[in-house]
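Enquirer: Numbering (the numbering used here), first residue to last: 664 to 959.
For glycine and all other residues, C-beta sits at the position ideal for the given N, C-alpha and C.
Note that this is a predicted model, so its numbers are computed, not measured.
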Ligand code: NCD
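1) Alpha carbon to alpha carbon, how far is residue 892 from residue 925? Give it in angstroms, no decimals.
2) In terms of residue numbering, what span does the beta strand (DSSP E) encompassing residue 843 cover?
3) By the DSSP assignment, the beta strand (DSSP E) with residue 766 in it spans what residues?
4) Using the C-alpha atoms, what's the distance from residue 716 back to residue 761?
5) Here's a check: name, in chain order, each residue in its chain whose Cβ is nearer than 7 Å to the Cβ of residue 862, leaving out the five neighbours to either side.
6) DSSP on residue 700, reduced to helix/strand/coil?
7) Helix, strand or coil for residue 898 per DSSP?
8) What's the gap between the Cα of residue 784 and the Cα of residue 894?
9) Taking only three categories from DSSP, how would you classify residue 708?
10) Any idea which residues DSSP pairs residue 860 with across the strands?
11) Tell me whether the region 925 to 943 and the region 850 to 865 touch, counting them as touching only if at least three CB pairs, one residue from each stretch, are closer than 8 Å.
12) Expressed to the nearest angstrom, what Euclidean distance is found between the alpha-carbon atoms of residue 866 and residue 860?
13) Just to check, is the beta-carbon of residue 689 closer than 7 Å to a non-hydrogen atom of the ligand NCD?
14) Between the Cα of residue 934 and the Cα atoms of 735, 673, 805 and 726, which residue gives the shortest distance?
15) Does the distance between the C-beta of residue 805 and the nearest non-hydrogen atom of the ligand NCD fall short of 7 Å?
16) Mapping the DSSP letters down to three states, classify residue 886 as helix, strand or coil.
17) For residue 866, does the three-state DSSP call read helix, strand or coil?
18) Taking 8 Å as the threshold (C-beta atoms), are residue 681 and residue 951 in contact?
19) Which full runs of the alpha helix (DSSP H) of 4+ residues lie inside the region 921 to 950, going along the chain?
20) So who's on the other strand from residue 820, going by DSSP bridges?
21) Taking buried to mean at least 16 other C-beta atoms within 10 Å of its own C-beta, is residue 703 buried or exposed?
22) Does the beta-carbon distance from residue 792 to residue 897 come in below 8 Å?
23) From the DSSP output, in three-state form, read off residue 913 for me.
24) State the Cα-Cα distance for the pair residue 720 and residue 755, rounded to the nearest angstrom.
25) Closer than 7 Å: is that where the CB of residue 727 sits relative to any heavy atom of the ligand NCD?
Have a look at this one:
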C-alpha cells in the first residue's frame, strides 16, 4: 500500500484508471451489482483536524462499503486539546490498530509527515492551501459522466484560487486530462507561475467556458469577502445567462450563497453540485480499493 498525497503522483494513466473505476463503482452501486469488499477486516481512521461534511462522511461510507472498520478522531474532544502533540496523537491512532489513515489538516505537508511517522498509507483529504486530490478526482468523474470525454473542455476556476487546495489539485490534474483551464479572479487571488491562462474579467470569460468552477473565499486562510468581490465575481442569473446553453456550474462545497453564487444559480439545472457529492463515495472507494490492492 502506498499513500495518496498529491494528485500529480498518479500520472495520466493512474488518473484515468481511478476515474473509470469510480464511475464503474457508481454504476454497480446504483444497479445493485456486486462490490468486492477488499477492505474487509482493515481499519480506516479518519483524522480531520479541520471542519468537513462531505469529505469526511464520504470517506467514512466508502470505507464501510468496502468492508472496513472506521474510527474517527474528533480533535475538539481529543487529547490535542489537552496539549498532546500531533505526532503523539497520530502514533496513538496507529498503535490502536488503524491500517489506513485519512488526514485533513490546516498545515500543508501534514499528511506526508503522518505517513512518515507511522509508516501507514495516508490519503490526503486536504492540507492547508496545498492539495485535495480526491476532490479533483471526483470532479473529473462528474465531468466525464456528464460530457463523455474530458478532452478539449474549457473550464474557468473562479474566485479565491490562491488559497484553495481544491484549485491546487485541479490545476495539476485537469490539464493532464485534456481540460483547458483559465483562472479567474481578482489579481491578488491569481497564483503566478502556473503557466495557465488567467483573467480578472469574469464577464468576458463566461461565454467561452463549458464549465464554471466556483470557489468559496477561504477566510480561514486569509481570504477576505468584500462588496466589490461579490459585485464582480458572484455568479448570479444575469451572469449565468452569458454561458453557452450546455455549460455547467460546479462547486466543491460548502457553498456560500450570496457570496460566490446566488441562490437561484445554486438551484439551477446547470448546477452539478449534487452530482459532485454523489460521486464522492464511489471515488473514495476507488482510491481506497486501489490503495489496498497496491495499485496506487
Ligand atoms: C473544500 C475543502 O475543504 O478544501 N471542501 C471540500 O472538501 N469539498 C472546499 C472549501 O472548503 O472551500
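Expert: Let me spell this out:
1) The straight-line gap separating the alpha-carbon atoms of residue 925 and residue 892 is approximately 13 Å.
2) Under the DSSP assignment, residue 843 falls in the beta strand (DSSP E) whose first and last residues are 843 to 847.
3) Residue 766 -> beta strand (DSSP E) spans 763 to 768.
4) Just so you know, the alpha carbons of residue 761 and residue 716 end up roughly 22 Å apart.
5) 845, 847 and 868
6) Secondary structure at residue 700: coil, using DSSP grouped into helix, strand and coil.
7) strand
8) 44 Å
9) Here DSSP, grouped into helix, strand and coil, assigns residue 708 to strand.
10) 845
11) With a cut-off of 8 Å, the region 850 to 865 and the region 925 to 943 do not count as touching, because too few Cβ pairs lie within range.
12) 15 Å
13) no
14) 805
15) no
16) Shown here, residue 886 sits in coil according to DSSP, grouped into three states, outside any helix or strand.
17) helix
18) no
19) 926 to 930 and 936 to 941
20) Looking at the DSSP output, residue 820 shares a beta bridge with 846 and 876.
21) Residue 703 should be labelled exposed.
22) no
23) strand
24) Roughly 22 Å separates the two Cα atoms.
25) no
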